[in-house]
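Number of protein chains: 2
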Amino acid sequence: MHLIKADRLHQFVTAVFVSVGFPEHKAKLSADVLIEADLRGIQSHGVARLAGYLRLIDAGRLNPKASFTVHHSKPAIANANAGGGSGLVAAPMAMRIAIEKAELYGVGFCGVSNSNHFGIGAYHAMLAAKQHFIGFASTNASPLVAPFGGKERMLGTNPLAFAFPRKNHPPIVIDMATSAAANGKLEIAERAGKPIPKGWLLNKDGQDSEQPADLKAGGTLLPLGSFSSTGAHKGYALGALVDLLTGVLTGANWGPFVPPFVAFLQPTQAVGEGIGHMIGAIDPAAFQPIDSYFDRIEEWVDCFHNSSPIDADSPVLIPGDPEAALHAHHIETGIPIEPTVWAQLALLAAEHNIPL
Amino acid sequence: MHLIKADRLHQFVTAVFVSVGFPEHKAKLSADVLIEADLRGIQSHGVARLAGYLRLIDAGRLNPKASFTVHHSKPAIANANAGGGSGLVAAPMAMRIAIEKAELYGVGFCGVSNSNHFGIGAYHAMLAAKQHFIGFASTNASPLVAPFGGKERMLGTNPLAFAFPRKNHPPIVIDMATSAAANGKLEIAERAGKPIPKGWLLNKDGQDSEQPADLKAGGTLLPLGSFSSTGAHKGYALGALVDLLTGVLTGANWGPFVPPFVAFLQPTQAVGEGIGHMIGAIDPAAFQPIDSYFDRIEEWVDCFHNSSPIDADSPVLIPGDPEAALHAHHIETGIPIEPTVWAQLALLAAEHNIPL
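Sequences listed follow chains U and L, in order.
Residues 1 to 356 (our numbering) make up the first sequence, in order.
Residues 357 to 712 (our numbering) make up the second sequence, in order.
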């Protein structure tokens with residue numbers, strides 16, 4: 001493991017994005033999103049993906065100079081076309097619009113079509129929380145997940161992210177794939193030659209599998225809930241919800257037609273433009289005075305932290321606690337980078353003549 | 357099983373609600389919500405609960421003559437106090453407000469505090485869909501569910517409901533508890549003397565249990581995801597999300613302090629008023645012309661219906677398909693009522709001198 005300080009890594013990533021054609025402020029913003037993922041311990045969505053974004057640019061599928069056009073049809077709703085640009089840039093721009101609307105109307109949403117992978121939803125939702133709004137961010141993604149009762153890849157891992165602001169603490173942050181397990185967890189098991197838990201995967205014939213390699217052989221990820229008896233139809237419904245909001249509603253591709261992140265796979269039939277996001281902000285002060293909201297949410301947090309754990313050594317956490325703790329730790333110690341990812345970064349450094 | 361036509365049952369339920377003090381239009385509305393549940397096959401939330409609502413009135417915890425006061429602090433947000441009245445009435449009133457706001461601003465939310473059980477969320481969400489809005493309805497509920505890693509009852513089964521309008525078909529309807537299984541399923545297993553699947557229940561010591569009686573003995577329901585390996589932290593996050601939106605934000609009670617539905621259990625410490633709902637509406641025509649939305653959602657539905665099922669005899673469904681089919685069937689045949697529920701209704705008929 002290499003350890004690198006967040007600000008050092010940020011400079012590097014920004015310079016790489018600038019060197020491939022992003023304007024400086026968009027390069028910085030993109031670096032922000034990736035490094036926040038690494039700081040929060042979501043290595044699958046951090047700088048490990050940098051090379052992947054660049055390959056999409058090389059393949060002509062991601063335009064670093066894309067313009068972002070916004071259509072305001074109703075006061076509290078906008079729908080934007082990201083022009084084939086990066087989701088790392090489009091989602092924060094959409095959140096700025098959602099927040100402006102929430103300031104005026106109490107709530108605002110901005111849909112985005114014709115975009116690409118937006119990194120971690122938590123980053124975008126937390127942008128709202130920094131300004132004392134409740135943030136929402138969601139995206140569809142290339143198909144890997146079977147619908148309940150099905151064996152075809154019809155939905156992405158379609159995450160839902162929410163951030164609830166607190167006064168003197170990091171926000172409560174929910175950021176969850178609507179599948180039982182993330183693809184990255186299967187990749188880790190496959191590299192380690194280990195079986196995976198029941199409830200993550202079906203093989204290509206729709207049978208339960210504990211062999212991670214079955215995914216690449218045409219299998220599908222299971223929705224949250226995993227089994228019929230434990231509510232897999234609910235995880236399917238959540239994945240469908242995300243696809244309807246981010247794909248069908250915005251004008252992006254949806255379901256099995258969402259373009260893949262990996263550049264060597266070609267998009268299939270187009271039923272819209274690019275991938276889609278839905279970004280929203282709600283003003284908690286529209287419901288009660290903001291200080292009352294802050295008092296109530298602290299009471300809520302304390303109450304859950306103080307509830308009885310199963311294991312006395314593992315207190316009950318609130319969503320976002322583990323990631324906030326990792327963030328604080330990584331700011332202090334530096335961000336750990338896996339050897340294979342470090343080698344990728346070193347290659348990019350050499351290729352673009354940027355010191356790492 | 358007794359079979360009774362929906363309109364006949366509606367007359368009866370309306371008359372009962374009138375006889376205990378509801379104004380006629382609120383009695384009708386309440387009957388609408390309960391009978392829609394039975395029509396959709398959600399017997400746990402239909403007329404089986406009628407006697408329960410009446411007991412809450414007898415106990416002085418539900419006021420049939422409550423007034424509903426609305427505070428409009430921001431153009432697209434309202435927060436209402438249901439005055440200790442019925443959620444069956446308050447939620448549709450909140451939805452009317454949310455829709456009015458969505459007509460003007462593209463999106464509207466109305467929070468509700470000081471309310472009671474609102475029946476099925478699907479009813480309220482579908483009110484929006486009937487007017488071509490996307491509907492959202494959520495409520496907190498008395499605590500039964502453990503947080504991830506905990507063994508205390510900290511959250512209700514906290515449902516999320518969404519309805520997406522379609523042009524010539526019933527809407528896509530999602531209505532799901534954020535627990536792995538609903539309480540009603542445990543009750544059915546307990547009456548039948550059968551064990552329950554792994555992943556539904558912890559006993560009072562926080563150990564996995566397959567004995568439904570362990571719930572009443574101080575156990576807890578598991579969140580959607582059930583196990584650590586299959587994402588129980590995600591179901592916990594969804595239950596927390598609902599509690600934050602419907603309880604903390606609106607001014608209602610939250611978490612372990614949400615008053616119980618059953619009248620013989622007293623509410624514990626108050627941290628707010630009654631139970632809370634969050635009701636919302638979004639105008640799909642704010643994102644694209646409504647006809648384009650309708651075309652796209654039909655393509656989406658067809659695509660999912662035509663995807664490969666695991667079992668060739670069980671095609672892939674979209675959320676709400678089974679309930680819409682049951683609704684059509686029950687309109688035709690009548691609503692089947694379990695003998696114990698029929699006996700309850702007969703008792704109410706005698707007590708209030710209303711023909712059943």
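Glycine included, each C-beta is placed from N, C-alpha and C at the ideal position.
- Excluding its 5 nearest sequence neighbours in each direction, G87(U) has C-beta neighbours in its own chain below 6 Å: S115, N116, H117 and F118, listed in chain order.
- Between D175(U) and A98(U), the CB-CB gap reaches or exceeds 9 Å.
- Within 9 Å of the CB of T606(L), the CB atoms of chain U belong to F287 and Q288, in sequence order along the chain.
- Rounded to whole angstroms, the Cβ separation of T576(L) and A481(L) is 28 Å, and the two are not in contact under 8 Å.
- Contacts with chain U at 9 Å (Cβ-Cβ) do not include L682(L).
- S44(U) carries a helical assignment under DSSP once its states are collapsed to helix, strand and coil.
- When the Cα atoms are used, F520(L) and T139(U) turn out to be separated by approximately 18 Å.
- When 7 Å is used as the limit between beta carbons, F520(L) is near these residues of chain U: L244, in chain order.
- Contact with chain U is absent for K550(L), since none of that chain's Cβ atoms lies less than 9 Å from the residue's Cβ.
- Scanning chain U for C-beta atoms nearer than 9 Å to the C-beta of T586(L) yields A180, A181, P197, K198, G199, W200, L222, L224, G225, S226, F227 and T230, reported in chain order.
- With fewer than 16 other beta carbons inside 10 angstroms of its own, T340(U) counts as exposed.
- Contact check between the stretch 570-586 of chain L and the stretch 225-235 of chain U: three or more CB pairs, one atom from each, fall below 8 Å, which counts as touching.
- Under the Cβ criterion of 9 Å, K430(L) is counted among the residues facing chain U.
- Between G274(U) and the set H330(U), V112(U), D321(U) and I196(U), the nearest pair of CA atoms involves V112(U).
- Taking C-beta atoms under 8 Å as the contact rule, F650(L) and K523(L) qualify, at a distance of about 4 Å.
- In the three-state reduction of the DSSP assignment, F257(U) falls in the helix class.
- Per DSSP, the unbroken beta strand (DSSP E) holding V70(U) starts and ends at T69 to K74.
- D658(L) counts as exposed, since fewer than 16 other beta carbons sit within 10 angstroms of its beta carbon.
- Contacts with chain U (Cβ-Cβ distance below 8 Å) from the stretch 460-482 of chain L involve L460, Y461, G462, V463, G464, F465 and G467, listed in chain order.
- The beta carbons of A438(L) and V445(L) sit closer together than 9 Å.
- The residues A436, A438, G439, G441, A446 and M449, in chain order, have a CB closer than 7 Å to that of F424(L) in the same chain once the five nearest residues on each side in sequence are set aside.
- In the same chain as K541(L), and ignoring 5 residues on each side of it, no C-beta atom comes closer than 7 Å to its own.
- Per DSSP, N183(U) is one residue of the alpha helix (DSSP H) stretching across N183 to A192.
- The beta-carbon distance between A177(U) and P159(U), rounded to whole angstroms, is 5 Å. This is short enough to meet the 8 Å contact definition.
- Taking all protein chains in view, the Cβ of H277(U) is crowded by 16 or more other Cβ atoms within 10 Å, so the residue is classified as buried.
- At least one beta carbon of chain U lies nearer than 9 Å to the beta carbon of L594(L).
- Distance from the CA of P64(U) to the CA of F22(U), rounded to the nearest whole angstrom, comes to 5 Å.
- For A78(U), the enclosing beta strand (DSSP E) starts and ends at I77 to N81.
- In the three-state reduction of the DSSP assignment, V145(U) falls in the strand class, which pools E and B.
- For the stretch 64-88 of chain U, residues whose beta-carbon sits nearer than 7 Å to a beta-carbon of chain L comprise S73, K74, P75, A76, I77 and N79.
- Inclusion of F465(L) and G491(L) in the CB contact set at 9 Å is not warranted, their separation being larger than that value.
- For the C-beta of G505(L), the chain U residues within less than 9 Å are, from N- to C-terminus, P309, I310, D311, S314, P315, V316 and L317.
- Within chain L, V627 have C-beta atoms less than 7 Å from the C-beta of E299(U), given in sequence order.
- The DSSP assignment places 290-305 as complete runs of the alpha helix (DSSP H) inside the stretch 288-314 of chain U, in order along the chain (cut-off: 4 residues).
- Contacts with chain U at 9 Å (Cβ-Cβ) do not include M449(L).
- Against L241(U), the close residues of chain L are F518 and I530, in the order they occur along the chain (beta-carbon pairs closer than 7 Å).
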